[in-house]
Amino acid sequence: MPYHSVIRVAESFRVFSTISVSKFGSCQTAGRDSLSVLWRRVRIRSPDDEDLLNILKVRFPNLEVLVDNLKETFVSVNSIYTLQIAGVHSRSPASVDGLNRFSLRDLLKWCKRIAGLGFCFDGGISEYHRCVIKEAIDVFATFSTSFENRLSIIEHIATRWQVPVSATENLYPRDKPIIQVLSSVFCYEPFFIIWQQQLLISGGKLQDSVTDLRIGRVSLPYTRKSVSSHESRRPFVEIRRSLHVLERIACSVKYNEPVLLVGETGTGKTTLVQNLALRLGQKLTVLNLSQQSDVADLLGGYKPMDAQFVYFPLYKEFEDLFSKTYSKKGNEVFLTHLQKFLIDKNWEMLLRGFQKGVEKSLELIRIGPSKKRRKPLDEEKIQAWERFSIKLESVCQSNPSSGMMFSFVEGSFVTALRNGEWILLDEVNLAPPETLQRIIGVLDGEDGALCLAERGDIDYIRRHPNFRIFACMNPATDAGKRDLPFSLRSRFTEYYVDDVLDDDDLSLFISQFINNGHRDQQLVNNIVRFYKASKKESEERLQDGANQKPQYSLRSLYRALEYTRKAERKFGFPKALYDGFSMFFLTLLDGPSTKIMKQMILSFLLGGHMPQHEPFDRYLTFKSDDNSGCYILTRSVKEHLGNLARAVLIKRYPVLLQGPTSSGKTSLVQYLAAITGHVFVRINNHEHTDLQEYLGSYTTDGSGKLVFNEGVLVKAVRNGYWIVLDELNLAPSDVLEALNRLLDDNRELFVPELQITIQAHPDFMLFATQNPPTFYGGRKMLSRAFRNRFVEIHVGEIPDDELSEILTNRCEIPESYAKKMVDVMKDLQLHRQSSRAFDGKHGFITPRDLFRWADRYRRFGKSYEDLAKDGYYLLAERLRDVDEKSVVQEVLEKHLRVKLNVKTLYDQILFGGNRSSNLTVGLGASNSLQSIMLTKSMQRLFFLLERCFKLREPVLLVGETGGGKTTVCQLLAEYMQLKLHILNCHQYSETADFIGRSKLISSYEEIIEQLKQLKAFTHFPEDFSVSSDIDEASSTLDLLNGMLRKYKGQVCSADVSKEVIHALEILKSNLDDLHEKWQSIFVWQDGPLVKAMTDGDLFLVDEISLADDSVLERLNSVLEPERKLSLAEKGGSDLETITAHSNFFVLATMNPGGDYGKKELSPALRNRFTEIWVPPVSDLDELQGIALRRYLLTSTIRVYSSGHNTYAASDCTVVTVIQSVICILSTLIEDTCI
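Here UniProt numbering is used: the first residue of the sequence shown is 1, the next is one more, and so on.
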């Protein structure tokens, strides 16, 4: 044991373990290591037929006449399912050992239901067979995902129980279960249930005499609890399929069975459970599980607590218990002292008072009655004092004097278990199996229990009689989904929820949303036909912007109809109908599919008539004077804004914008937020995004306490911000699935760390952007269940005819120039780049490049020649192949009608004016750059780099090692007299290396050592010592204060000057600051990126391609024109957002992909940089000049160091040798190229 303690095992101690083995689940085998020989293994086989009969007769004696048939049905159903799984089609079932889907647990569940029917089974009567079969169908047939397999099992059960097959041929019978609110007066007559019904609904409120809710064949007690107005607004359409599933769920609730609902997204699984809880007035807690869910999310764990939240309840409990045990009057002084300790927050003295009271009480319990107290303590008080003693000991062990308090906070699951509430585990198959195994004991019926070993409990928490557990999941066929372990799944009563509705159900569903004034049966029929046709076309020829099949579900139809109902008043029914179905069936599609769907909407729903167009601003409420004048509203932009504005009108649905990079997805949302007066925030996702970035985490505040700092998403949900999740499909799927509850119509977010559910603010809107996963590396395919929760909008590339308009207005250049620039882009897009820096038609130029080009002309240009030169600098100088540069040159000359002489392009720039001399002066000022020779190549590179700096364009230098990439960055820093921060990347680089991290305070000892070296300390007349332990900081500071007072009082010392005393004051001030921060334990330390942004320095990311893309994606917002960075990792009550200093500049270097360990950057990231190709130095004159400068510099240093004033070697001889070496190298280079 820890701390070398030893626990002796008692004589009677025994260890038992169990292993579940099933071919339907993961076979769990243990002990295949060295410890396996220590276990005595006992194989427990499944009960045979005789065992089954005996068990049933003992457990259910009133079913004795049925046990043979029950057993045979059970065995045959198992065989039928085995044949279905094996793909064998046979009418004669045969038992296959080891492949049984159903266990004794299912057979007992069936029998319990039959016994609960209340029939008197005296044989010879057929009517009760129908009731028995209904229960059998629920237990044995409704779980299968195959409709045909379910019907096959139902048919087999009906045949065995001699019921006509026609009576059970449909899983959802034509007669819908009736939902009624009843009084509790009912009785059973033979084979017919006679209810004395009193419908007690008056004015929408239940009468006090209501005690039961009847759903078909099931009656459940009504629980009178307040229901939130949010829950009461949820609509529920009583279609036949939903009512039958609701009846089955109600039956499982009646018999205390855990329920598992499986089905595709949008089929209403969660809604069914919520509706049943709402009807019964039962509190329901929904937990959205994900792969990051752990045991603490369900059961709870130790969380940092403010001391007062621990001590105040503890004081109240002690005061109540003490007053019941002793006289308050006789102990008034003692209680007054405790109260004063509480008010003064003197926790240490308060604990001592509690301990004194507990010791006295325990002593009284041990000794028994005395002269002063003749009456002994009753058993209830004794147990109360013992429980308080244990609780007090736990608090004492948490060391309150440290400034941090930890207390065990029970999870929502445990709270529901204690209080008899309902719990729903949504997306249960996403959670890790080991997390779910922790609650397996609760699933064993009404006798289930749970021991909170995490809290150190040894007693079990028993299930409250009213506690119920539900779970929902999508089939394992969807992306990121998996099956539950069989050992867990077999404990649920499983129901599969179909997404197939017949025409009658669809008609009823649609009619609920259409106002009476427009309720035309023909219109309803047309919507039914449209919905069925859309689902068919989605499977055959429709595709979305990512070339995937669109997913249409009942959720899509519901949301389209809900929008129609809400928008009708403002826009009229035809326009509202068109907008609603366009939003959920059309906007996600690509160009060709959009035309097909648009024609379907018009022909099916509107008789071929297009409603009048409405401008996007009619859908919005303007709250801001910010009209974002720099945002250009072209035709396609207005179309996208119209699609977005429809979603904003309702303010309920999350929006996913999907499209290529540089298509303006984020700027659309940002513009709408600006003109409507909403706060705009964003989160840049990456491959290692975790829930903490969304929800928040614990950090230390200034006083040293651990406090929970809410994440960006939580703050947005609370305050009604608009939030954009950028690069959505870069984030891990398990993180995204945890947001499902927020994305559906519930609009609520559960924060596991706080164990609270936050209802979204009415103004809250969630947007997401992503690049198509099929075209961009690193992007994931999101699951159908996740995507179906969004309003999807496909944002295509900016049309060519609109680009010139945007360039003219945004970049303020002449229209004629803008059109020629677009012509150049269109021409270059016809070519393909061999290096595939950007795939497809963006090989040579992207829209971002076009805007950079226009900005350069506005800053530097006056003529077409200047426009052509800047086009060459920007587009050609990043290319690695000479022929490709020629393509760019030819296209520029063709459209701009100028002649570019590339050989002399840089001559007048490099050698004109004082630039060369200025650079030489800059080199001389730096010892580290004295060996650099300003060759023609270096001056060209410097010019291109400086041009990027003037416009603050992030620049990426690509070239082989030794080409001078890092050197030219250092040269720029020296020339601009700015500090250069260099971060060398590697494959293990992480985000914290860029932006910073929380670190332990470790500089206290260093300052103490500096203090001991000061003359003011060593020459002080008095002899005293200081401790390097920060725990002794208070006494150390007192000594230093005394030392400073005496020095200022003119303590004489010849070796101690005023400057030394001032240095002592500085060190003392530093110690003060550290002592103040000490209780925080951790302090945030800015990374080089943050320092460069705040100070206006240059930031170089060296070997950027070695870092993981997920790390680099964190820099996206810094590379955008806004140049901002949100420090969610830093924590704090407010999200800190840093806006870059005007001088801040980002540079990056990398080697070309293909070398060992090297790779190319993703197109999405690379497109944010202005790229410059740095060729290797191959010119003989430049090589000779570099070698000579290096040699001469080295020789000069050597000669000066030896005390001579002349060179020691013949310069002519050296030059000759260098020229010979360079010729040899030149030949080798040429041979290598060949």
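The C-beta atom is built at its ideal place from N, Cα and C for all residues, glycine as well.
Source: prediction; values computed, not measured.
Counting only the same chain and skipping the five closest in sequence on each side, list residues whose C-beta sits under 7 Å from that of residue i.
| i | result |
| --- | --- |
| Glu693 | Ile683, Gly711 and Ala1128 |
| Lys841 | Caution applies to Lys841, whose pLDDT of 47 falls short of 50 and renders its modelled position unreliable; the model cannot decide the point. |
| residue 1258 | Residue 1258 is absent from the model: the chain starts at 1 and stops at 1234. |
| Val9 | none |
| Pro221 | Thr211 and Asp212 |
Which residues does DSSP list as the beta-bridge partners of residue i?
| i | result |
| --- | --- |
| Pro221 | Asp212 |
| Val791 | Val655 |
| Asn984 | Asp1102 |
| Arg468 | Trp422 |
| Trp1084 | Ser998 |
| Phe680 | Trp722 |
| Trp1173 | Val958 |
| Met765 | Trp722 |
| Asp544 | Leu589 |
| Phe750 | Thr757 |
| Cys451 | Tyr460 |
| Ile1138 | Leu1125 |
| Tyr857 | The partner list for Tyr857 (beta bridge, DSSP) is empty, contrary to what the question assumes. |
| Leu182 | Asp212 |
| Thr1149 | Leu957 |
Below 8 Å CB to CB, which residues in the same chain sit around residue i once its five sequence neighbours on both sides are set aside?
| i | result |
| --- | --- |
| Pro814 | Thr808 |
| Leu606 | Pro574, Leu577 and Tyr578 |
| Lys819 | Ser804 |
| Ala868 | Leu892, Glu893, Leu896, Val898 and Leu900 |
| Glu11 | none |
Below 8 Å between beta carbons: does that hold for residue i and residue j?
| i | j | result |
| --- | --- | --- |
| Leu586 | Thr594 | yes |
| Ala476 | Asn547 | no |
| Pro611 | Lys638 | no |
| Val1174 | Val1146 | no |
| Leu342 | Tyr311 | yes |
| Arg718 | Ile758 | yes |
| Phe513 | Glu562 | yes |
| Asp855 | Leu951 | yes |
| Ser783 | Ser816 | no |
| Tyr619 | Arg652 | no |
| Asp866 | Tyr872 | no |
| Glu1182 | Met1150 | no |
| Leu644 | Leu672 | yes |
Between residue i and the ligand GTP, is the CB less than 7 Å from at least one heavy atom?
| i | result |
| --- | --- |
| His761 | Although the ligand GTP was asked about, the structure shown includes no ligands whatsoever. |
Once the 5 residues before and after residue i are set aside, which same chain residues still bring their CB inside 6 Å of it?
| i | result |
| --- | --- |
| Arg848 | Ser662 and Asn1167 |
| Leu206 | Reliability of the predicted coordinates at Leu206 is poor, the pLDDT of 42 falling under 50, and the value obtained from them is presented with this limitation in mind. Result list for Leu206: empty, nothing under 6 Å. |
So residue i and residue j are supposed to be a Cβ contact under 8 Å. How far apart are they, rounded?
| i | j | result |
| --- | --- | --- |
| Met597 | Ala560 | Actually they are not in contact, since the Cβ atoms of Met597 and Ala560 sit about 12 Å apart, beyond 8 Å. |
| Leu956 | Glu1171 | 5 Å |
| Arg59 | Leu108 | 7 Å |
| Gly266 | Ser556 | 7 Å |
**Prompt:** Hey, is the region 411-421 in contact with the region 453-469, meaning 3+ C-beta pairs nearer than 8 Å?
**Reply:** yes
**Prompt:** Is the region 326-345 touching the region 290-301 in the sense that three or more CB pairs, one from each, lie closer than 8 Å?
**Reply:** no
**Message:** I'd like to know if the region 437-445 and the region 271-290 are in contact, where contact means that at least 3 CB-CB pairs between them fall below 8 Å.
**Reply:** no
**Request:** Spell out a yes or no on whether the region 766-775 and the region 655-673 are touching, meaning 3 or more CB-CB pairs, one atom from each, closer than 8 Å.
**Result:** yes
**Prompt:** Quick check: the region 1159-1166 against the region 1106-1118, are there 3 or more CB pairs under 8 Å?
**Reply:** As far as the Cβ criterion goes, the region 1159-1166 touches the region 1106-1118, which means the pair count is three or higher.
**Prompt:** Touch check for the region 66-81 and the region 450-458: three-plus C-beta pairs under 8 Å?
**Reply:** Judged by Cβ distances under 8 Å, the region 66-81 makes no contact with the region 450-458, as fewer than three pairs qualify.
**Prompt:** Given 8 Å as the limit, is there contact between the region 1090-1109 and the region 979-986, that is, 3 or more CB pairs closer than that?
**Reply:** yes
**Request:** Evaluate contact between the region 155-165 and the region 135-142, counting only Cβ atoms and requiring at least three cross-stretch pairs below 8 Å.
**Result:** yes
**Item:** Stretch pair the region 276-284 + the region 733-744: three plus CB contacts closer than 8 Å
**Value:** no
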